[in-house]
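Engineer: Could you have a look at this structure, given as structure tokens, before my questions?
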Amino acid sequence: MNEILLLTDHEWLDDYSDKKYRFIFLTLNSTQVSTINLFMLAASRLSYHGEFIIRINYESTYHDIEKWAKAFDFSIIDSSTSQNSLRHISQSQRYIFRFDGQPTKPGYEIALANEFTESCIDLFKNVFGTPISQEFWNWKYPKDRAVSSVVALRNSKVVAHYGSCDRSGIYNNRSFGLIQACDVMVAPTDRGAISSSVFFELAKLGEKTFYAKDSAVLVAYGFPHGRHYKLGARLKLYTPVSPIFEVIFDIPDTVEDASALDINCIYSKSDVSSALKFMYSLKDTLILDRDYQYLLKRYIYHPEFEYKVYWFAECLFIIRPLNGKLFLMDYWGDLTKYSHNLNLFTNALSTVYPGYHLHLWCLEDISTSFINHKEIKNTGAVFVLKKYSSELPNFRKWWVMMGDTEFL
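Just so we're aligned: the sequence shown equals residues 1 to 408 in my numbering.
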């Protein structure tokens, strides 16, 4: 094992990631490196009880450093009582921390993902076999938003990514900070044992920020499918809430009285507010937050996908026509009347999409409430969550639709 690694904020990311260190001495001359990245770096480079010595040559906030140190399993050492000569290197402001956490897999460095967009896009194509544009990637992970996504690097190359898209939710008129786990991917060459895999360590180290004091993120959720769900469940990364079902409806070829079906694409901000007021009135159900700005970002100005937004029966219905099918992405309105309004809307669609099939997603508790549907089937995906506070409500029910994903 190497004894000491000397770094500065201008060359703190390099090819040393295949080693573990007893000491890391880091000199900071500016704020260009985030505090989170500092402790991710140290946690993925240090051996157990290794020491992280930070010399800061600019005005800093100690509270911020202390908070993130604790989040990443570092304890503060009182340098005035220490006898180790390393603690006398610095003549400027200095902090010394001891790493009390579980050392990560040798050969990897964990970091926030915002500086590695191009490498993440390359990894996406390598893992999923299909490209993703930079515009679509930046839509998912805006550069002007706080970063929660993390990557694992080997020899300065991104080999794993655990994405997080921030969201909020409403539960009994209270707002909660959430994130959606997405674009979870590991290069084929770096997949291996379950509990010692880089995927597991990336997930565990990345979520430490959510346990930090005053973290805005209280719950993570996702839509893993098949073996990916089984892997995360085995590693206890989340708790299953419900299978995700697909329900299919026939749209009539003709309608008896088209004049009675007032379906149009004209709506106002007040219409949106009215629909959401009804939606959020449902008790004991967590509803992912929606508003007019979300409507614009998620659907109207999507960089690649096209959607249709209809105002019907004092509700918003958002659909995506694709390859001869219609997908109901979202419904904004009175949730106690969802099945009834959906039945009316399906008939109304015969004026614009006669003979099509309408597909939607729902959780198990909703799957039995539909009328006049053609087919219902289990998609193989599972809606899962993980809480980061013991003081949260039970969240007995969730309202989830296709549009609550980021990939459809």
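We treat Cβ as the ideally placed atom computed from N, Cα and C, and that holds for glycine. Computed from a prediction, not measured in an experiment: that's the story for all the values here.
Assess, as a yes-or-no matter, whether the segment 154-170 is touched by the segment 286-306 under the definition of 3 or more beta carbon pairs within less than 8 Å.
Structural biologist: Flag = yes, the segment 286-306 and the segment 154-170 touch.
Engineer: What's the call for Y211, buried or exposed, on a 16-neighbour Cβ count within 10 Å?
Structural biologist: Exposed, by the Cβ-count rule.
Engineer: Check for me: the alpha helix (DSSP H) holding Y292 runs from which residue to which?
Structural biologist: Note, Y292: alpha helix (DSSP H), Y292 to L295.
Engineer: Return the residue from the list G50, L344, G222 and L178 that minimises the CA-CA distance to M402.
Structural biologist: Per the Cα distances, G222.
Engineer: Check the C-beta distance from E66 over to F23 and give it rounded, since I have them as a contact under 8 Å.
Structural biologist: Contact doesn't hold; Cβ gap of about 20 Å is too wide.
Engineer: Out of I300, L296 and I244, which one is the CA nearest neighbour of D365?
Structural biologist: It is I244.
Engineer: Using a threshold of 9 Å, state whether the C-beta atoms of A43 and F128 are closer than that.
Structural biologist: No, they are not a contact pair.
Engineer: What is the residue span of the alpha helix (DSSP H) that H340 lies within?
Structural biologist: It spans Y338 to A348 - the alpha helix (DSSP H) in which H340 sits, taken as one unbroken run.
Engineer: Could you pull the start and end residues of the alpha helix (DSSP H) that Q93 belongs to?
Structural biologist: Note, Q93: premise wrong, no alpha helix (DSSP H); beta strand (DSSP E) at Q93 to F99.
Engineer: Just the C-alpha distance for E207 and A348, rounded to the nearest angstrom, thanks.
Structural biologist: Using only the alpha carbons, I get a separation of about 45 Å.
Engineer: Assuming L218 contacts G177 (C-beta within less than 8 Å), just tell me the rounded distance between them.
Structural biologist: Contact holds; Cβ gap of about 5 Å.
Engineer: Among residues of its own chain, excluding the 5 on either side of Y62, which ones have a beta-carbon nearer than 7 Å to its beta-carbon?
Structural biologist: For Y62, the predicted model reports a pLDDT of 49, less than 50, meaning its position is unreliable; a value from the coordinates is still stated below. Hits under 7 Å: none found.
Engineer: Please classify E246: does DSSP put it in a helix, a strand, or coil?
Structural biologist: If DSSP states are grouped into helix, strand and coil, E246 belongs with the strands.
Engineer: Would the segment 307-324 count as touching the segment 334-348 if we require 3 or more Cβ pairs under 8 Å?
Structural biologist: Enough Cβ pairs lie closer than 8 Å, so yes.
Engineer: Within 10 Å of its beta-carbon, does Q91 have 16 or more other beta-carbons around it, so buried, or fewer, so exposed?
Structural biologist: Per-residue confidence for Q91 stands at a pLDDT of 47, beneath the threshold of 50, marking its modelled position as unreliable; the derived number appears in the next sentence. Its Cβ having fewer than 16 others within 10 Å, Q91 is exposed.
Engineer: Pull up the distance between the alpha-carbon of H302 and that of W139, whole angstroms please.
Structural biologist: One C-alpha to the other measures close to 8 Å.
Engineer: Quick one: give me the first and last residue of the beta strand (DSSP E) that H373 is part of.
Structural biologist: Looking at the DSSP string, H373 is not in any beta strand (DSSP E), and its letter there is neither H nor E.
Engineer: Check for me: the beta strand (DSSP E) holding H357 runs from which residue to which?
Structural biologist: It spans H357 to L363 - the beta strand (DSSP E) in which H357 sits, taken as one unbroken run.
Engineer: Which term fits P224, buried or exposed, when burial requires 16 or more other beta carbons within 10 angstroms of its beta carbon?
Structural biologist: Under this definition P224 is a buried residue.
Engineer: Starting from Y280, follow the alpha helix (DSSP H) in both directions and report where the run begins and ends.
Structural biologist: Note, Y280: alpha helix (DSSP H), K269 to Y280.
Engineer: With distance defined between alpha-carbon atoms, name the residue in G101, I96 and G107 nearest to Y48.
Structural biologist: Y48 has its Cα closest to that of G101, out of G101, I96 and G107.
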